[in-house]
Structures are given as structure tokens and as C-alpha cells.
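Residue numbers (mature numbering (1 follows the signal peptide of the UniProt record, and there is no 0)): -16 to -1, 1 to 318. Backbone N, C-alpha and C define an ideal beta-carbon position, used for all residues, glycine too.
If you want it as C-alpha cells, here you go:
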């Protein structure tokens, strides 16, 4: 009995998580980790040159993404994972604003255990080079300081505004997904960070439709990589299919998302129904070696490495889906 439970315990990273610090935007230090390139004291308003590294995920019209601070061919996520800055839909956080038109489809889901946004867009407007298949960002990183170093995530989706210690954010030039897990024993497994080359569709199956925007209630999905009492390890010769997208209900569509002010002058102050989810579902990705990590200011470090390794974009997901599903089988580790 105990041996059958071991993979689930390992997948969660440990059920008894401890955190070295917990902040609110009002009491965050200038920098929360050594080597941080930006700041956690971000002020208010917005600034397209802001180096704020505080991210918020509250609703379809109020979420942020991490992306490079500067444009250029070298600003692929794999090169800039340590220095990403926050780009938000709403002003007032002291961050950069996501330019209107950058997000062409977004789908917010609130579950009992996490909130999630999946979508598509022209994320070159967030300094991600065209064609970049992207990578994964999380509060762990190779040294426990996070990718980006010192990046903090906050949400009021579960009540009062609070820091979210476990989260994962995949960014590419044309697709994004972000999940923020409610503090608790399920959080490490539901916001697992070790599948960094598997992409959005495998880690966060759901609605990736372009041209529509909505906010839904949803069921909690299965932990990525965990299949019954077996756990997939990235880099094994056969990759299992992703879990089915959890059911959603009470969906409320909106016409678009944006701030309608990203190109305007700087404001404020800042520092430099039971139905299955609909729409396009990303549902496969290639396997490649990766390690694990943990975070100072988040989970107690456990060692290992977890960089934003290159991953397949949406086109690659579709091309690989059939082959990967066909070879899935004996590669799971019991």
C-alpha cells in the first residue's frame, strides 16, 4: 500500500512544503532573491520600461505574464528566463502593460485548487522573438531562486490578495499558459515544474481558441505526469498523452481583453456547465531530458536543474501528437 502511494508523494515534491518568506506587494523587499535583475517594489500605475517582477492572476481581464525586458533576436525565453519582467493587462501594479492586440484569445478557469489562463497571441509585442518556441518559467529554477530570479506571483482569486508560492508559466511567440496553485498539499503536484520542454498543451490541456475570451469555473485537473500510481519522467523514450482537459461550467464570454492604454503616456509611479472544455486543445509535446528544482522564497530547495529549455510551439504539438500517443506504454515508472 505504501509503495503504491510513493509516486504521488514524489510527484508533489513533498506534501509538507515550507516557504522561506511570504509577501504582499505592500511589504515586498526591493529584491526578494540574490542576483535579481528587477524589483519587487513596483509602485503603482504602469511603465513600459518597468523592471517589476510581480505578477498577478485574478481574472480574464486582470492577469499578467512574464516576458523579456528587451527586444531582439537574443531575447528568446531560453536566454532570458532569469530576467523576465511582468507584463499585465491592468494598470496599477507598476508593471509594463500588455499591448492591446497582443492577446488574440484567452481563457481563464478557476478551480478549487488553482487558477489558469490559456491562450494565443502575437507575443512578439512582449519582446519574444518571432518563431521562439519558448520555455517554462516557475518559482524554482536551477538554483532555487526562480525563473525569473525573484519573480513573485499574487492572486485574489481565493479570497484576500495573497502570494502564490507554486506556479508555472509557459511562454512562446504565439502561445501562453499560466497556472497559479492555491497553497496546500496539492499545490506542488498541480503546479509541477519538471516538464519544462513539454509545452502548454501537455502541462495545461484546455481551451486555446483564438478569437474568443471567457472566464469559467472548472474542475481540478489531474497532476501533470502522474498516471494512477505511475509517474512519467521527462526524457523517457515514450511520452504519454496529456490528461483530458477538465470540465468547465458557468462560462462568461467577454468581447476582448486589453487595457486600451499600453501606448499611452506613463501613469502613476513605478520602478525601472459540466460540459467538457471546448476549443483548440493542445495535447502533446516531445520529451527531452530535464531535472527538477525548488525555490528560495517558495518551496524548500531540493536541488537539481530546471531551465526553460526549448519546446515545440503549437504547430509542433500537432505534428507529434499521433506518434507520441502510439508509443506510450511501458515507459512509465511505477
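- Item | For residue 291, three-class secondary structure by DSSP | Reliability of the predicted coordinates at residue 291 is poor, the pLDDT of 41 falling under 50, and no value is obtained from them.
- Item | Sequence-distant residues of its chain with Cβ nearer than 7 Å to residue 249 (five each side left out) | Interpretation of residue 249 is limited by its pLDDT of 38, a score under 50 that renders its predicted location unreliable; the figure taken from the coordinates is listed afterwards. Here the set comprises nothing.
- Query: What first and last residue would you give for the alpha helix (DSSP H) that runs through residue 51?
  - Reply: Counting along the chain, residue 51 falls outside any alpha helix (DSSP H), though it belongs to the beta strand (DSSP E) covering 46 to 51.
- In terms of residue numbering, what span does the alpha helix (DSSP H) encompassing residue 62 cover? For residue 62, the enclosing alpha helix (DSSP H) starts and ends at 61 to 64.
- Reference residue 127, options 66, 226 and 2, closest by Cα: Checked all of 66, 226 and 2; the closest Cα to residue 127 is 66.
- Does the beta-carbon of residue 75 have 16 or more other beta-carbons within 10 angstroms, so that it is buried, or is it exposed? Classification of residue 75: buried, given that the 10 Å Cβ count is 16 or more.
- Return the Cβ separation of residue 165 and residue 148 in integer angstroms, given the expectation that the two are a contact with Cβ distance under 8 Å. Taking C-beta atoms under 8 Å as the contact rule, residue 165 and residue 148 qualify, at a distance of about 7 Å.
- Item | Buried/exposed call for residue 140, threshold 16 Cβ in 10 Å | Looking at its Cβ environment, which holds fewer than 16 other Cβ atoms inside 10 Å, residue 140 is exposed.
- Mind checking residue 2: buried by the 16 CB within 10 Å criterion, or exposed? Exposed, by the Cβ-count rule.
- Query: Contact check, residue 152 vs residue 187 under 8 Å by CB: the rounded distance?
  - Reply: About 7 Å; that satisfies the 8 Å criterion.
- Query: Quick one: what's got a C-beta closer than 7 Å to residue 43's C-beta in the same chain, skipping five residues either side?
  - Reply: So the list reads 92 and 199, once near-sequence residues are dropped.
- Message: Below 8 Å on the Cβ atoms is my contact criterion, and I expect residue 118 with residue 61 to pass it. Report the Cβ-Cβ distance as a whole number of Å.
- Response: About 5 Å separates the two Cβ atoms, so the contact holds.
- Message: My output table needs one value for residue 161: the three-state DSSP class, helix, strand or coil.
- Response: Collapsing the DSSP output to three states places residue 161 in a strand.
- Item | Secondary structure of residue 89, DSSP reduced to three states | Three-state DSSP puts residue 89 in a strand.
- Message: Below 8 Å, how does it come out for the segment 22 to 39 and the segment 84 to 91: are there three or more Cβ pairs, yes or no?
- Response: Below 8 Å, too few C-beta pairs join the segment 22 to 39 and the segment 84 to 91 to call them touching: fewer than three.
- Just how far apart, CA to CA, sit residue 13 and residue 221? Roughly 44 Å between the two C-alpha positions.
- Taking the alpha-carbon positions, what's the residue 261 to residue 210 distance? The predicted model places residue 261 with a pLDDT of 37, which falls under 50 and marks its position as unreliable; any figure quoted below should be read in that light. Cα to Cα, the separation comes out at about 21 Å.
- For residue 195, which residues of its own chain have a beta-carbon under 7 Å away from its beta-carbon, when the five flanking residues on both sides are left out? Short of 7 Å from the beta carbon of residue 195, and not among the five residues preceding or following it, lie these beta carbons of its own chain, in chain order: 88 and 89.
- Query: Short check: CB of residue 243 to CB of residue 73, under 7 Å?
  - Reply: Annotated as proximal: residue 243 and residue 73, with beta-carbon spacing under 7 Å.
- Message: On a Cα-Cα basis, can you pick out the residue from 22, 163 and 232 that is closest to residue 202?
- Response: For residue 202, the nearest C-alpha among the options comes from 232.
- Message: Considering only their Cβ atoms, is the gap separating residue 39 from residue 101 smaller than 7 Å?
- Response: No, the pair does not count as a contact, with Cβ atoms beyond the cut-off.
- Query: In its own chain, which residues sit with a C-beta less than 7 Å from the C-beta of residue 255, not counting the 5 before and 5 after it?
  - Reply: For residue 255, the pLDDT reaches just 48, beneath the cut-off of 50, and the residue's location in the model is therefore unreliable, although a value from the coordinates is still provided. Once the five neighbours on either side are set aside, the close Cβ partners of residue 255 are 23, 25, 26, 27, 34, 35, 36 and 78.
- Task: State the DSSP-derived secondary structure class of residue 79, mapped to helix, strand or coil.
- Result: Of the three classes helix, strand and coil, the one that applies to residue 79 here is strand, per DSSP.
- DSSP state of residue 185, grouped into three classes? Under the three-state reduction of DSSP output, residue 185 falls in the helix class.
- Message: Relative to the C-alpha of residue 207, which candidate in 189, 122, 236 and 113 has its C-alpha closest?
- Response: When each option's Cα is compared against that of residue 207, the closest is 189.
- Message: Classify residue 57: buried if its beta carbon has 16 or more other beta carbons within 10 angstroms, exposed otherwise.
- Response: A residue is called buried once 16 or more other Cβ atoms fall within 10 Å of its Cβ, and residue 57, having fewer, is exposed.
- Item | As assigned by DSSP and simplified to three states, the class of residue 109 | Three-state result, residue 109: helix.
- Task: Could you say which of 216, 46 and 185 lies nearest to residue 228 if we only look at CA atoms?
- Result: Check the Cα spacing between residue 228 and each of 216, 46 and 185: the tightest is with 185.
- So what does DSSP say about residue 8, is it helix, strand or coil? Here DSSP, grouped into helix, strand and coil, assigns residue 8 to coil.
- Query: Run through DSSP, which three-state label would residue 3 get?
  - Reply: Collapsing the DSSP output to three states places residue 3 in a strand.
- Query: What do you get for residue 131, buried or exposed, if any count of 16 or more other CB atoms within 10 angstroms of its CB means buried?
  - Reply: Result: buried.
- Pick from 80, 50, 19 and 9: whose alpha carbon is nearest that of residue 155? Checking every option, the nearest Cα to that of residue 155 belongs to 50.
- Which residues in the same chain have their Cβ closer than 6 Å to the Cβ of residue 235, if we skip the five residues on either side of it in sequence? Contacts found: 198 and 200.
- Task: Look up residue 147 in the DSSP assignment and give the residues it is bridged to.
- Result: Residue pairing by DSSP puts residue 147 in a beta bridge opposite 138.
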